[in-house]
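The next block holds one structure in the form of structure tokens; read it before the comments.
Number of protein chains: 4
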Amino acid sequence: MSDEPGAEGTRKFHRNTFDRIDPERRAMILRVAMAEFAAKGFSATGINELARKAGISIGSLYSYFASKEDLFLAVIDIGSETLGREISEIDPAAGFFASFESLLWKARAAADRYPELNQIYLDSTTQGMSSLAARLSNRLEAVTAELYRRMFEAGKASGEIRPDVDSGLAAFCLDNLVVMFQFAYSGDYYKDRMRIMTGLSDGEDIDDGRLVACIVDMARRSFGARP
Amino acid sequence: MSDEPGAEGTRKFHRNTFDRIDPERRAMILRVAMAEFAAKGFSATGINELARKAGISIGSLYSYFASKEDLFLAVIDIGSETLGREISEIDPAAGFFASFESLLWKARAAADRYPELNQIYLDSTTQGMSSLAARLSNRLEAVTAELYRRMFEAGKASGEIRPDVDSGLAAFCLDNLVVMFQFAYSGDYYKDRMRIMTGLSDGEDIDDGRLVACIVDMARRSFGARP
Amino acid sequence: MSDEPGAEGTRKFHRNTFDRIDPERRAMILRVAMAEFAAKGFSATGINELARKAGISIGSLYSYFASKEDLFLAVIDIGSETLGREISEIDPAAGFFASFESLLWKARAAADRYPELNQIYLDSTTQGMSSLAARLSNRLEAVTAELYRRMFEAGKASGEIRPDVDSGLAAFCLDNLVVMFQFAYSGDYYKDRMRIMTGLSDGEDIDDGRLVACIVDMARRSFGARP
Amino acid sequence: MSDEPGAEGTRKFHRNTFDRIDPERRAMILRVAMAEFAAKGFSATGINELARKAGISIGSLYSYFASKEDLFLAVIDIGSETLGREISEIDPAAGFFASFESLLWKARAAADRYPELNQIYLDSTTQGMSSLAARLSNRLEAVTAELYRRMFEAGKASGEIRPDVDSGLAAFCLDNLVVMFQFAYSGDYYKDRMRIMTGLSDGEDIDDGRLVACIVDMARRSFGARP
DNA sequence: CATGAATGAGTATTCATTCAT
DNA sequence: AATGAATGAATACTCATTCAT
């Protein structure tokens, strides 16, 4: 890479004024921004309406963020930091599959607590976005990747994981399961997709526990050592 | 279901004039539309620029499609039909894991042949989109779900698959792997994500064969019957 | 005036082809054009929709008329000619007030038979229209003015009309009554206006005979000689 | 009437921002809007050009009025209110014919002071217009009708007016004379029409006083009591 | 600091007119 | 002569951003 690694990780997307204002005001702005961007996507979200919904003036908003894009990036930035913190709570020493299951439940909880974040990530992924957005999101994945690395290391050391497993490919596949699992609790589209693929009939609802168990079971059978 | 199944499947998103024009012109328009929508998302794509890039006049474009949204829907519609046709070529009678591997390779090929389609699907998923878009995309998943159903049926009948496997949950998990695998070959974001998770160093490239093998192996260990 | 008098009176607004086609087709085009222009005004009327409603192709329409404006002018031209012919049927020799009453009834009948014509006249009057339109309409008024001139001449000669009446001013005032009387049977706005001014209650309808009688009576008292 | 009287009379056609701006700016916008709508009619008037002529930005214009139609309605609304105020100044107690003559002179003055208003009224009358426009204009006529009602009442009471006169029909006819009189000083078309009907030769100009006298004389002879 | 009025480039869409078939 | 697909300038309206108060 030609850029300094982590260069954008340290970039600030808000102006200094934003640090100084009332924390509630700050939280409100981010909350509204998150909701708006999630609901309509970056392009379709209007800064003026967003400011109105947040109860502040356009002028103020522009004194906190230099541009619409910066606000978007700030939301992603803060979001990925929040999720990153959650992930950091997982202790790989607790055992591979326990950690993995814990990751799944955290994903499940995040989908409820920050329902819009996934939508925004998808957006940052899709659009022509400055690509900075994508790189920002990737930061979160770096955290996750590091967790897997330590999980596999510990797992192989303790004999929980087969020694011949390619940790990289395995981590990629497992996280794919986690990501799609999380999506299934975020947007309508992925909710419907889950219903269709699992063959759920109209009244029924998915049983979270069974789904988590199924995924953990896949992980165990795929990469676990035979006793 | 209360709606007639396939009700929107039969809806036409283009005007009759579009059927009558030169196939090359038709293809060009769809190709450009696909590229533009994929690159910038629905909202950020401009109809006027799109028309210019496709080498036709704005007026013509509007004589083929009643609105920007209809053009978008048409692209999704045609895309999902194309992908659906590819998937239909898979014969579940060939054996569960052979079929699954075949599905993976088809996903891999589709990512190369229609690199933008995945981006557009993501978009149709994300935005406030008329929800019609999302339902259109779901049509493709109905096809896939049906394929899995028959694969599991045949797999259990032949003894390839453990009889106690929950076909619905298993199909959902397996397809999640397929979808994310496909994404990893589509957009930059997901490409980077794969590199990060698998721990690829800068020069290296992913080995498709090993990744496919890894996924199929997961499937086999997770759901295959022991010999 | 620098223009030859009547120069635009002899101008043709349609192309030669229009003379050669099937009279029914010709009539249909004019009928539809009249209805459309009357309903929406010149600017808001669309040539393409007009052609479709008339059951002919745009190409044909443009082979009959060089432009939208020419079609509009042709409609006015033909309309004013039609009305002019009706007016010419009145014979001033029948007596002033008999002629005047006859004019009123003709106006009344015209409002029923060509309900759109008045609307179009108003339009040709209002808009930035090439002013040619206005001059076209004025042609009709020249005919009317001439009728009044002969009516007053005969009226004064026969002693029906007071000799001291200023024929010009009188003609202007009387025709104003006729024109507004005719409007009152054409568009909704003027219908409502009549109801409001006459104090008609909701169920009631105006009694044409009484209104005509009232107007003729005004004329007689204003300009008639005492016996 | 089923609708609440004055329901649309209380509707506001401008946004609150319009009330707050510099009165000169406000007046300029209305003046230009009036001129443009009068000259070209509603459809043919372009908002962008109108804004430029008024010396304000398009964005500002749209922050004052939600749409082109609202601007049009605002112009009519304000115009009819202005004219209504003028008419209210007439005191029926001054005598029937004095009041009527006063009305004529007010019409004459209005034609000079607000030359475009009549054109706009004609427009609001003609087109497919939201019909709201027409109803707005009718408000003005309600005011006029009420004036006539009181004039006739007072006139009959004082013996100025023949007791057998049908006040409604008479008011309608008299106001028709007023309206056409006013028009004759507004647009080119009606100016020409007057010249043609009165038989004015090219150099001559109409003598306002004689015309007013002629009309008042008609009124007096038609409805006045013989001494 | 906060405000929100002002800006004007940009957007989707329409429609009079042309012209190849 | 008749067709109607093609054209693109023009239109009403939006919205990110600026800046005077």
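Protein chains in written order, with my numbering: chain S, 1 to 227; chain F, 1001 to 1227; chain C, 2001 to 2227; chain Z, 3001 to 3227.
Where is the CB? At the ideal position from N, CA and C, for every residue including glycine.
Residue from the options whose Cα sits closest to the Cα of residue i
i, options, result
"phenylalanine 2172 (chain C)", "C:Arg2149, C:Arg2162, C:Tyr2185", "C:Arg2149"
"phenylalanine 2065 (chain C)", "C:Asp2123, C:His2014, C:Leu2050, C:Ala2213", "C:His2014"
"isoleucine 161 (chain S)", "S:Val178, S:Phe97, S:Asp175", "S:Phe97"
"methionine 2034 (chain C)", "C:Asp2019, C:Ala2051, C:Phe2018, C:Asp2022", "C:Ala2051"
"phenylalanine 1223 (chain F)", "S:Met218, S:Ile21, S:Leu61", "S:Met218"
"proline 1092 (chain F)", "F:Ser1158, F:Asp1205, F:Ile1206", "F:Ser1158"
"aspartate 77 (chain S)", "S:Arg25, S:Ser60, S:Leu132", "S:Leu132"
"isoleucine 3056 (chain Z)", "Z:Ser3201, Z:Ala3094, Z:Leu3083, Z:Leu3030", "Z:Leu3030"
"aspartate 2070 (chain C)", "C:Thr2082, C:Leu2083, C:Ile2087, C:Ile2047", "C:Ile2047"
"alanine 2198 (chain C)", "Z:Glu3081, Z:Val3143, Z:Lys3012", "With the sequence shown as reference, residue 2198 (chain C) is identified as threonine, and alanine is not the correct amino acid for it. With distances taken between Cα atoms, threonine 2198 (chain C) lies closest to Z:Val3143."
"leucine 3073 (chain Z)", "Z:Arg3210, Z:Leu3136, Z:Pro3023", "Z:Leu3136"
"alanine 1184 (chain F)", "S:Gln182, S:Ala184, S:Asp175", "S:Asp175"
"serine 2067 (chain C)", "C:Lys2012, C:Phe2181, C:Ala2154, C:Glu2081", "C:Lys2012"
"arginine 2113 (chain C)", "C:Leu2083, C:Tyr2121, C:Thr2125, C:Glu2141", "C:Leu2083"
Contact set for residue i: own chain, Cβ-Cβ below 6 Å, skip 5 residues either direction
i, result
"proline 3163 (chain Z)", "Lys3156"
"methionine 1 (chain S)", "Note that methionine 1 (chain S) has pLDDT 34, beneath the 50 cutoff, so the model's placement of it is unreliable and the number below is only indicative. If we look at methionine 1 (chain S) and ignore the five residues flanking it on each side, it has no Cβ neighbours."
"leucine 1177 (chain F)", "Ile1215"
"alanine 54 (chain S)", "Met28, Ile29, Val32"
"glycine 79 (chain S)", "Leu117"
"serine 2088 (chain C)", "none"
7 Å CB neighbourhood of residue i in its chain, flanking five on each side removed
i, result
"aspartate 3003 (chain Z)", "Since pLDDT at aspartate 3003 (chain Z) reaches only 39, below the 50 mark, its modelled position is unreliable, and the value read off the structure follows with that caveat. Excluding positions up to five away in sequence, the list is empty."
"glycine 1009 (chain F)", "The predicted position of glycine 1009 (chain F) is uncertain, since its pLDDT is 48 and thus under 50; a value taken from the coordinates is nonetheless stated next. So the list reads Arg1139, once near-sequence residues are dropped."
"serine 3186 (chain Z)", "Ala3111, Pro3115, Asn3118, Gln3119"
"aspartate 1123 (chain F)", "Phe1037, Gly1041, Phe1042"
"proline 1005 (chain F)", "Per-residue confidence for proline 1005 (chain F) stands at a pLDDT of 42, beneath the threshold of 50, marking its modelled position as unreliable; the derived number appears in the next sentence. Counting only Cβ-Cβ distances below 7 Å, and skipping sequence neighbours, we find nothing."
"aspartate 2208 (chain C)", "Arg2108"
Cut-off 8 Å between Cβ atoms - residues of its own chain near residue i, not counting five sequence neighbours on either side
i, result
"alanine 7 (chain S)", "The pLDDT assigned to alanine 7 (chain S) is 45, lower than 50, so where the model puts this residue is not dependable; a value taken from the coordinates is nonetheless given after this. Nothing meets the Cβ criterion."
"isoleucine 2228 (chain C)", "Here chain C covers residues 2001 to 2227 and nothing more, so residue 2228 (chain C) does not appear."
"phenylalanine 1152 (chain F)", "Phe1096, Ile1161, Val1165, Ser1167, Ala1170, Ala1171"
"leucine 3026 (chain Z)", "It is worth fixing the name first, because residue 3026 (chain Z) is arginine in this sequence and not leucine. Once the five neighbours on either side are set aside, the close Cβ partners of arginine 3026 (chain Z) are Phe3018."
"serine 3060 (chain Z)", "Ala3051"
"glutamate 1049 (chain F)", "Glu1036"
As assigned by DSSP and simplified to three states, the class of residue i
i, result
"glycine 2055 (chain C)", "coil"
"isoleucine 3087 (chain Z)", "helix"
"tyrosine 1121 (chain F)", "helix"
"glutamate 1008 (chain F)", "Annotation note: pLDDT 46 at glutamate 1008 (chain F) (below 50); position unreliable, no value reported."
"alanine 98 (chain S)", "helix"
"isoleucine 215 (chain S)", "helix"
"threonine 3045 (chain Z)", "coil"
"arginine 3015 (chain Z)", "coil"
"tyrosine 1062 (chain F)", "helix"
"aspartate 112 (chain S)", "helix"
"serine 186 (chain S)", "coil"
"methionine 1028 (chain F)", "helix"
"methionine 3129 (chain Z)", "coil"
"aspartate 1233 (chain F)", "Outside the displayed span of chain F (1001 to 1227) sits residue 1233 (chain F), for which this structure offers no information."
"leucine 174 (chain S)", "helix"
"aspartate 2202 (chain C)", "coil"
"aspartate 237 (chain S)", "The structure shown does not extend to residue 237 (chain S), since chain S is modelled only from 1 through 227, so no value can be given for it."
Sheet register partners of residue i (DSSP bridge)
i, result
"isoleucine 161 (chain S)", "S:Gly224"
Is the segment 1185-1196 of chain F touching the segment 189-209 of chain S, taking contact as three or more C-beta pairs under 8 Å? In the pairwise beta carbon analysis, the segment 1185-1196 of chain F is classified as not touching the segment 189-209 of chain S: fewer than three pairs are separated by under 8 Å.
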